[in-house]
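K.L.:
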Amino acid sequence: VMTQTPFSLSVTPGQPASISCKSSQSLLQSDGKTFLHWYLQKPGQSPQLLIYEVSNRFSGVPDRFSGSGSGTDFTLQISRVEAEDVGVYYCGQSINLLTFGGGTKVEIK
Amino acid sequence: EVELLESGGGLVQPGGSLRLSCAASGFTFNNCAMTWVRQAPGKGLEWVSAIVGSGTRTYYTDSVKGRFTISRDTSKNTLFLQMNSLRVDDTAVYFCAKDVLCSSSWHGGIDSWGQGTLVTVSS
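First to last, the sequence lines map onto chains A and B. Position one of the first sequence corresponds to residue 1 (the numbering used here), numbered consecutively onward. Position one of the second sequence corresponds to residue 110 (the numbering used here), numbered consecutively onward.
1) Three-state secondary structure (DSSP) at N140 of chain B?
2) What residue from A:P13, A:L36, A:G69 and A:K109 has the CA that sits closest to G101 of chain A's CA?
3) Please classify V197 of chain B: is it buried, with 16 or more other beta-carbons within 10 angstroms of its beta-carbon, or exposed?
4) Among B:S116, B:T165 and B:G135, which one has its Cα closest to the Cα of G225 of chain B?
5) If I'm right that A142 of chain B touches G162 of chain B with Cβ under 8 Å, what's the distance once you round it to whole angstroms?
6) Could you check if G60 of chain A is buried or exposed, using at least 16 other CB atoms within 10 Å of its CB as the buried criterion?
7) When you compare the CB of Y168 of chain B with every CB in chain A, is at least one pair closer than 7 Å?
8) Quick test of the definition: if touching needs 3 or more C-beta pairs under 8 Å, does the region 13–24 of chain A touch the region 89–101 of chain A?
9) If we count Cβ pairs, one from each stretch, closer than 8 Å, do we get three or more for the region 82–90 of chain A versus the region 163–183 of chain B?
10) Taking 7 Å as the threshold (beta carbon to beta carbon), is G103 of chain A in contact with chain B?
11) Apart from the five residues on each side of it in sequence, which residues of its chain come closer than 7 Å, Cβ to Cβ, to G153 of chain B?
12) Taking only beta-carbon positions, decide if S26 of chain A is within less than 7 Å of chain B.
13) Rounded to the nearest angstrom, how far is the Cβ of I78 of chain A from that of F58 of chain A, given a contact under 8 Å?
14) Note down, in chain order, all residues in the region 85–103 of chain A with a beta-carbon under 7 Å from any beta-carbon belonging to chain B.
15) Three or more beta-carbon pairs under 8 Å between the region 125–139 of chain B and the region 206–226 of chain B, yes or no?
16) Just checking: is the beta-carbon of S30 of chain A within a distance shorter than 7 Å of some beta-carbon in chain B?
17) Bridge partners of I78 of chain A, per DSSP?
18) When you compare only the Cα positions, how much space is there between I160 of chain B and P47 of chain A?
19) Mind listing the chain B neighbours of P47 of chain A? Cutoff is C-beta to C-beta under 7 Å, in chain order.
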């Protein structure tokens with residue numbers, strides 16, 4: 001089970017934001033890789049990959065997005081939120097099949 | 110540029126069948142595991158099924174085991190999802206998706222998503 005908090009977030013542009021994702025099991029594989037990923041689904045769009053394996057920013061993703069954590073506890077941080085960052089953020093684990101968190105809706109104040 | 114184009118969705122009665130297709134381009138299809146993810150109206154993302162690049166291993170979420178079958182045709186760069194015994198709670202937009210790190214196994218991180226195809230199960 002993947003548990004995301006908060007359920008929703010209202011952020012002033014230029015301010016930081018943080019989303020937590022906790023797994024009921026360790027996502028660390030024996031080869032040292034950790035299968036925790038972050039996605040953003042903007043309104044009316046398909047999801048897009050932000051971060052894979054905890055902290056690897058996907059191609060084209062702005063460096064204001066960063067991921068951290070280990071084992072069962074993970075965090076997505078946005079250093080300075082911009083208007084284009086609105087949407088629902090999902091974490092996902094793929095060490096044991098694939099499960100997504102419930103999502104965190106981010107809106108701009 | 111990676112493109113994934115789903116088709117085959119529609120309205121079907123409970124107990125009916127549909128076959129979804131996903132035409133892939135812009136990458137070496139037979140090197141990459143592929144995944145189906147669905148999203149019920151107003152809800153979050155739910156993983157449905159995955160298949161490795163060779164097609165030799167498949168994975169399903171419990172709620173669709175025995176009813177859905179994932180497959181791929183490498184000669185046509187196309188992914189399929191055969192859905193039988195459909196239920197009202199299968200109603201969702203179904204996304205076709207590609208692994209972020211293509212290899213012989215299934216990674217599960219997804220770097221490309223199609224636009225989705227809507228499946229509505231209703232009498």
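Even for Gly, the Cβ is constructed at its ideal location relative to N, Cα and C.
P.N.:
On the basis of the supplied data:
1) helix
2) With respect to the C-alpha of G101 of chain A, the residue from A:P13, A:L36, A:G69 and A:K109 having the closest C-alpha is A:L36.
3) Flag for V197 of chain B reads exposed.
4) B:S116
5) 6 Å
6) Burial call: exposed.
7) yes
8) yes
9) no
10) With its beta carbon less than 7 Å from one in chain B, G103 of chain A belongs to the interface.
11) none
12) Interface with chain B (7 Å Cβ-Cβ cutoff): S26 of chain A is excluded.
13) That pair is no contact at about 15 Å.
14) Those residues of the region 85–103 of chain A placed with their C-beta closer than 7 Å to a C-beta in chain B are Y90, S94, L97, L98, T99, F100, G102 and G103, ordered along the chain.
15) Yes, the region 125–139 of chain B touches the region 206–226 of chain B.
16) Chain B, which has no Cβ nearer than 7 Å to the Cβ of S30 of chain A, makes this no.
17) Note: I78 of chain A sits in a beta bridge opposite A:A17 and A:F65.
18) 20 Å
19) L154 and W222
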